[in-house]
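S.K.: Here it is, the structure in full.
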Amino acid sequence: MEAAGVRIILLSLIISALLAPHLPALSIMLVLFAAFTAFFFRDPDREIGDGVVSPADGRVDVVEGRRLEIFMGLLDCHVNRSPCDGVVVSVEHIPGKFSPAFLKGIRNETNRITIEGEDGTYVVEQIAGFFARRIICYVKEGERVKKGQRIGMIVFGSRVTLEVPEGYRFVIREGERVKAGQTVAVRG
Numbered sequence: 771m772e773a774a775g776v777r778i779i780l781l782s783l784i785i786s787a788l789l790a791p792h793l794p795a796l797s798i799m800l801v802l803f804a805a806f807t808a809f810f811f812r813d814p815d816r817e818i819g820d821g822v823v824s825p826a827d828g829r830v831d832v833v834e835g836r837r838l839e840i841f842m843g844l845l846d847c848h849v850n851r852s853p854c855d856g857v858v859v860s861v862e863h864i865p866g867k868f869s870p871a872f873l874k875g876i877r878n879e880t881n882r883i884t885i886e887g888e889d890g891t892y893v894v895e896q897i898a899g900f901f902a903r904r905i906i907c908y909v910k911e912g913e914r915v916k917k918g919q920r921i922g923m924i925v926f927g928s929r930v931t932l933e934v935p936e937g938y939r940f941v942i943r944e945g946e947r948v949k950a951g952q953t954v955a956v957r958g
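Those letters in the sequence shown? Residues 771 to 958, per this note's numbering, in order.
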């Protein structure tokens, strides 16, 4: 579990324990908030799929040319994973807005991770949203990554895009639900 999640859970439970004798209803609400936070920050192990895999859990919103967009809802796991084996050639923070993530074509704050795979360049963009104002990146330039490896997280949901090399086609369709590291997204 991400350290930020552990801190939120512990703080909520400590405050809940202190408030329990005086404000039991508020104490219960804090315990429920801690439970939701534990659910939100979950990081399940995955059986990694064959081929190029989805970088995020969620609903596929856009499949266009070499680009795929995935909307991560509040109930999806928010850990992002590498779609392929390769080397991180750049990690770039792009300032932007914090508009609602369900809006397509938005230019929100973005973290762009470029991975050079054995068959070309892959770009994963972690895009912040209205509630998701914190993007956590686990990888750095020059680091070797494995397909399905955890590369980051977007706190409280948003959108992830994947751009693939020429010659590949997406095998998933708009509206389909995908799992990071597990669902095969692309075939050569």
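The beta-carbon is built from N, C-alpha and C at its ideal position, and this holds for glycine as well. From a predicted model like this one, the values you see are computed outputs, not experimental measurements.
Check Ser852 in the structure and name its three-state DSSP category.
M.R.: Taking the first residue of the sequence shown as position 1, residue 852 is located at position 82. Three-state DSSP puts Ser852 in coil, outside helix and strand.
S.K.: Quick test of the definition: if touching needs 3 or more C-beta pairs under 8 Å, does the stretch 914-933 touch the stretch 838-853?
M.R.: Because the criterion of three Cβ pairs below 8 Å is met, the stretch 914-933 and the stretch 838-853 touch.
S.K.: Starting from Phe841, trace the beta strand (DSSP E) in both directions and tell me its first and last residue.
M.R.: Residue 841 sits at position 71 when you count from the first residue of the sequence shown. Run containing Phe841: 837-842, per the beta strand (DSSP E) assignment.
S.K.: Can the beta-carbon of Val925 be found closer than 8 Å to that of Ser852?
M.R.: Residue mapping note: residue 925 aligns to position 155 of the sequence shown, counting from 1. Residue mapping note: residue 852 aligns to position 82 of the sequence shown, counting from 1. Contact flag unset, no.
S.K.: Any idea what DSSP makes of Ile942, helix, strand or coil?
M.R.: As a first step, residue 942 is located in the sequence shown; it is residue number 172 there, counting from the start. Here Ile942 sits in coil by DSSP.
S.K.: Are there 16 or more other CB atoms within 10 angstroms of the CB of Gly775, so buried, or fewer, so exposed?
M.R.: Working through the sequence shown from its first residue, we reach residue 775 at position 5. Flag for Gly775 reads buried.
S.K.: Taking the alpha carbon of Gly912 as the point to measure from, which residue in Ile905, His792, Val830, Ile885 has its own alpha carbon closest?
M.R.: By 1-based counting over the sequence shown, the position of residue 912 is 142. Selected option, being the one with the closest Cα: Ile885.
S.K.: For Val909, tell me which candidate among Asn850, Thr891, Glu946, Arg877 has the shortest Cα-Cα distance.
M.R.: Here residue 909 refers to the residue found at position 139 of the sequence shown. Selected option, being the one with the closest Cα: Asn850.
S.K.: Please report the straight-line C-alpha distance between Arg882 and Glu946, rounded to a whole angstrom.
M.R.: Along the sequence shown, one-based indexing puts residue 882 at 112. Along the sequence shown, one-based indexing puts residue 946 at 176. Roughly 24 Å between the two C-alpha positions.
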